[in-house]
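So the structure is just underneath, and the comments pick up after that.
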Amino acid sequence: MLSIGAFAQIGQVTHRMLRHWDTSGLLVPAHVDEFSGYRSYDPAQLERLHRIVALRQLGFGLADVAAMLDAGVDAERMARLLQIRRAEVEEEQRLAAARLIDVERRLHLIEKEKHMTQIEIIEKSLPAVRLAARTAAVAEQPEVAGVVGPLFDGVAGVLSAAGGSLETPIAQYEAGEDGMRITAGYAATGNIPDSVEAVELPRVPAAICGVHLGPMDRIGESWQAVHAEIIARGYTPSGPCREVYLRAESEDQADWVTELQQPVTR
21 MLSIGAFAQI GQVTHRMLRH WDTSGLLVPA HVDEFSGYRS YDPAQLERLH RIVALRQLGF
81 GLADVAAMLD AGVDAERMAR LLQIRRAEVE EEQRLAAARL IDVERRLHLI EKEKHMTQIE
141 IIEKSLPAVR LAARTAAVAE QPEVAGVVGP LFDGVAGVLS AAGGSLETPI AQYEAGEDGM
201 RITAGYAATG NIPDSVEAVE LPRVPAAICG VHLGPMDRIG ESWQAVHAEI IARGYTPSGP
261 CREVYLRAES EDQADWVTEL QQPVTR
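Just so we're on the same page, my numbering is the position in the sequence shown counted from 1, plus 20.
Here it is in structure tokens:
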């Protein structure tokens with residue numbers, strides 16, 4: 021019999037890993053002393069240990085490893101599993117390469133141009149959202165500010181009267197040949213009153229997002245930074261942009277927090 025220390029040393033794993041695999045049932049010791057709790061392993065268990073280590077190094081999770089060891093894996097099934105794992109590793113590599121490009125670009129800006137972006141910009145997916153909303157169209161960008169507020173106020177009045185929630189105000193802006201279509205409302209989970217529209221914002225797989233702090237009269241600068249980042253990362257806009265008003269209470273807008281969301285594609 022081998023002590024847990026000797027077994028771990030031979031297998032080049034830690035005591036903690038062995039204890040975890042014991043708890044999960046993946047590699048149970050041949051003997052556990054009922055008084056001291058010390059674990060002992062049979063030398064024949066090294067074969068299972070090596071298989072576990074090999075599969076873990078390929079990136080398989082514990083559940084997959086356990087299933088493969090317990091049910092047995094023939095060459096055809098192993099090939100399918102490795103093909104799936106290869107696709108996962110390729111995607112991880114693509115994401116890592118994109119992050120490296122972003123790091124190098126930011127480093128260049130700081131070292132060569134002594135410049136840092138005023139807002140932090142990230143890439144993420146956007147969940148589908150159901151809005152209680154109203155819509156309007158404007159011909160020119162300067163008209164937006166005078167339309168969005170009344171749209172929200174109208175929806176808020178209806179929802180408040182019906183006992184609805186006003187927790188998450190969201191606006192979507194869709195540019196077209198004749199101007200811009202604005203949808204403004206609140207995320208809704210229950211019934212939506214007939215006097216406002218039920219609007220489904222679809223899930224977005226990839227969006228470039230930034231956070232604008234402060235008054236809305238400077239939000240154009242933040243949007244410019246977002247669109248510059250989209251170009252720098254090799255993306256193009258792929259749908260209507262959204263603004264999520266995370267805090268929008270004070271009259272002077274000094275403490276307002278707005279997330280800017282632009283769906284993108286390669």
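Ideal placement from N, C-alpha and C gives every residue a C-beta, glycine not left out.
- In the structure shown, residue 215 adopts coil according to DSSP, grouped into three states.
- When the alpha-carbon of residue 250 is set against those of 128, 122, 26 and 111, the nearest one is in 122.
- Contact between residue 218 and residue 150 holds, with the beta-carbon distance rounding to 7 Å and staying under 8 Å.
- Selection 53, 97, 243 and 235 evaluated against residue 275 yields 235 as nearest (Cα-Cα).
- Look at residue 186 here: in three-state DSSP terms it is coil, with no helix or strand label.
- Burial check for residue 248: the Cβ neighbour count within 10 Å stays below 16, so the residue is exposed.
- Between the alpha carbons of residue 266 and residue 131 lies a distance of about 34 Å.
- Straight-line measurement puts the Cα of residue 52 at about 21 Å from the Cα of residue 32.
- Within its own chain, no residue has a Cβ closer than 6 Å to the Cβ of residue 270 once the five positions on either side in sequence are excluded.
- Counting only runs that start and end inside the segment 75-163, the alpha helix (DSSP H) elements of at least 4 residues fall at 82-91 and 95-133.
- Annotation for residue 50: 21, 60, 61, 62 and 65 place their beta carbon closer than 7 Å to its own, counting only its chain and skipping 5 residues before and after.
- Residue 34 sits in coil when the DSSP states are folded into three classes, being neither helix nor strand.
- Rounded to whole angstroms, the Cβ separation of residue 281 and residue 146 is 6 Å, and the two are in contact under 8 Å.
- The C-alpha of residue 221 lies about 12 Å from the C-alpha of residue 283.
- In this structure, residue 105 sits near residue 80, with a CB-CB distance shorter than 8 Å.
- Non-local C-beta neighbours of residue 167 in its own chain, meaning closer than 7 Å and more than five positions away in sequence, comprise 156, 158 and 202, ordered along the chain.
- The bridge partners DSSP lists for residue 285 are 256.
- When DSSP states are grouped into helix, strand and coil, residue 43 belongs to the helix group.
- By the neighbour-count definition (other C-beta atoms within 10 Å, threshold 16), residue 263 is a buried residue.
- Residue 68 is a Cβ neighbour of residue 89, given a cutoff of 8 Å.
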